[in-house]
Every structure is written in C-alpha cells, then in structure tokens.
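Engineer:
Number of protein chains: 2
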Amino acid sequence: MKTLIREKRIEMDMTQEELSKKLKVSRQTIISLEKGKYKPSLILAHKLAQTFNCAIEELFIFEGDENIE
Amino acid sequence: MKTLIREKRIEMDMTQEELSKKLKVSRQTIISLEKGKYKPSLILAHKLAQTFNCAIEELFIFEGDENIE
DNA sequence: TAAAATTGTAAAGCCAACTTGACATACAAA
DNA sequence: TTTGTATGTCAAGTTGGCTTTACAATTTTA
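These protein sequences, in sequence, are chains A and B.
Take the first sequence: its position 48, counting from 1, is numbered 117 in our numbering, and each next residue is one higher.
Take the second sequence: its position 14, counting from 1, is numbered 83 in our numbering, and each next residue is one higher.
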C-alpha cells in the first residue's frame with residue numbers, strides 16, 4: 070500500500086506536529102504512517118482523508134492482494 | 070460508526086460464508102463486522118467496498134469524534 | 001415436521017496499530 | 001556558535017482486529 074499523506078500534508082503547509090494535533094494522534098504515528106511502517110485504522114484513514122478533502126481511496130493506493138481477485 | 074455491510078451483502082444475494090471466502094477472512098469476522106462488534110482494518114474495508122462497488126465512505130458511516138472537529 | 005442451510009455466541013490466542021518517552025539528526029536564524 | 005524548529009530512530013507497553021474451534025439458535029426448504 071502506498072500513501073500520499075506526506076505530499077498532501079506539505080501541499081497544505083502543515084508540519085507533522087500540526088497534523089498529529091488535528092487528528093489527536095501522536096507525532097510518532099504520523100511519522101510511521103508517512104514512512105509506510107504500518108497501516109492506519111479505518112477511523113484514522115477517514116480523518117486523514119477528511120483533512121485533505123479527498124476520498125480514502127485517493128489517499129491510499131492499494132496493490133496486489135490488498136485488492137480482491 | 071455504522072455499516073451497510075449486511076444490506077449490501079443481501080442485495081448481492083450472498084451468504085456470510087460466501088463473502089468471507091471471497092475476502093479470505095473467517096466467517097466470524099463477517100458476523101462481528103455486521104454486528105458492529107469491531108471495525109475492519111483499512112485493507113478489509115477496501116476489499117468490502119470493492120466487492121460492493123462503492124467507496125469506503127459509502128459503506129461505513131462515521132459519526133461524532135470519528136470525524137475531525 | 002424434519003433436515004439442511006444460515007446465522008449467532010463464547011473463548012483463547014496472535015499480531016499489528018498506536019502510545020509514550022527519551023534521544024539523535026538536520027537546518028535555519030539570531 | 002547557539003537556539004529553535006522539524007524530522008527521525010528505538011524500545012517497551014496496551015489495545016483491538018482477526019483467527020480458530022466448537023457448539024447453539026434461527027430460518028429455509030423439502
């Protein structure tokens with residue numbers, strides 16, 4: 070899975086800390102998400118998409134067996 | 070969070086077991102999701118939405134503090 | 001009504017999402 | 001050089017998504 074979190078955050082001129090406070094998660098969570106260390110919960114994915122005014126499926130790009138076959 | 074999984078599954082004339090096999094999860098997982106016992110992972114939410122030909126945000130309805138404030 | 005199909009409950013276990021905290025690196029400005 | 005801001009690593013702990021197994025209840029169909 071790829072994510073455009075970093076790109077969209079920078080587009081909106083936000084720091085990791087600002088984003089983390091807006092979403093009420095730790096800054097470490099933002100770092101890890103941007104680095105692809107793990108995948109967000111559905112709720113967090115939704116809040117991220119809301120923040121960036123886009124659909125979840127625009128913010129996260131699913132690949133291979135993350136799609137149905 | 071509310072979900073339309075059950076409604077969409079029945080619309081498509083699928084049993085819980087058929088759906089679980091298509092998504093490669095346990096039937097118990099489908100039961101628990103339909104009953105609202107827990108929230109799916111992002112990947113599973115995506116596969117469900119794909120199965121039902123809709124966006125994640127159409128299949129799951131976020132409420133209250135599941136939205137940004 | 002009896003059999004079969006579908007849906008449901010309960011419980012124990014694994015692993016990943018997320019947290020907290022402490023510290024490191026890089027860069028810009030004073 | 002020193003200070004401040006932004007980003008990063010590491011590690012240990014908690015929680016909850018999902019699994020498996022076994023069995024019970026409900027609905028459908030013959």
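Virtual Cβ for every residue (Gly too), placed ideally from N, Cα, C.
Here the structure is a predicted model, which is why all the values come from computation and not from measurement.
Between A/E135 and B/I112, how many whole angstroms is the CB-CB distance? I'm expecting something under 8 angstroms.
Structural biologist: Indeed, because the Cβ distance is near 5 angstroms, the residues count as touching under 8 angstroms.
Engineer: Please list the partners that B/I137 has in chain A, where partner means a Cβ-to-Cβ separation under 8 angstroms.
Structural biologist: Within chain A, the residues near B/I137 are K91, L92, K116, Q119, T120.
Engineer: Helix, strand or coil for B/K91 per DSSP?
Structural biologist: It is helical.
Engineer: Measuring CB atoms only, is the segment 113 to 125 of chain A touching the segment 73 to 90 of chain A, in the sense that at least three cross pairs come out at less than 8 angstroms?
Structural biologist: At 8 angstroms Cβ cutoff, the stretches touch.
Engineer: Spatial neighbours of B/T92 within its chain, please: CB distance less than 6 angstroms, with the 5 preceding and 5 following residues excluded, ordered by chain position.
Structural biologist: First, the residue type needs correcting, since residue 92 of chain B is Leu and not Thr in the sequence shown. Only K116 meet the Cβ criterion.
Engineer: According to a CB-to-CB cut-off of less than 9 angstroms, which residues of the segment 102 to 115 of chain A neighbour chain B?
Structural biologist: Listed by position, the residues of the segment 102 to 115 of chain A near chain B (Cβ gap below 9 angstroms) are K108, P109, S110, L111, I112, L113, A114, H115.
Engineer: I'd like the span of the alpha helix (DSSP H) that includes A/I137, first residue to last.
Structural biologist: Run containing A/I137: none; DSSP gives neither H nor E here.
Engineer: By DSSP's criteria, A/I130 is part of a beta bridge. Which residues make up the other side?
Structural biologist: A/I130 pairs with A/K71.
Engineer: So B/I125 contacts chain A; which residues on that side make the cut at Cβ distance below 7 angstroms?
Structural biologist: Within chain A, the residues near B/I125 are I125, E126.
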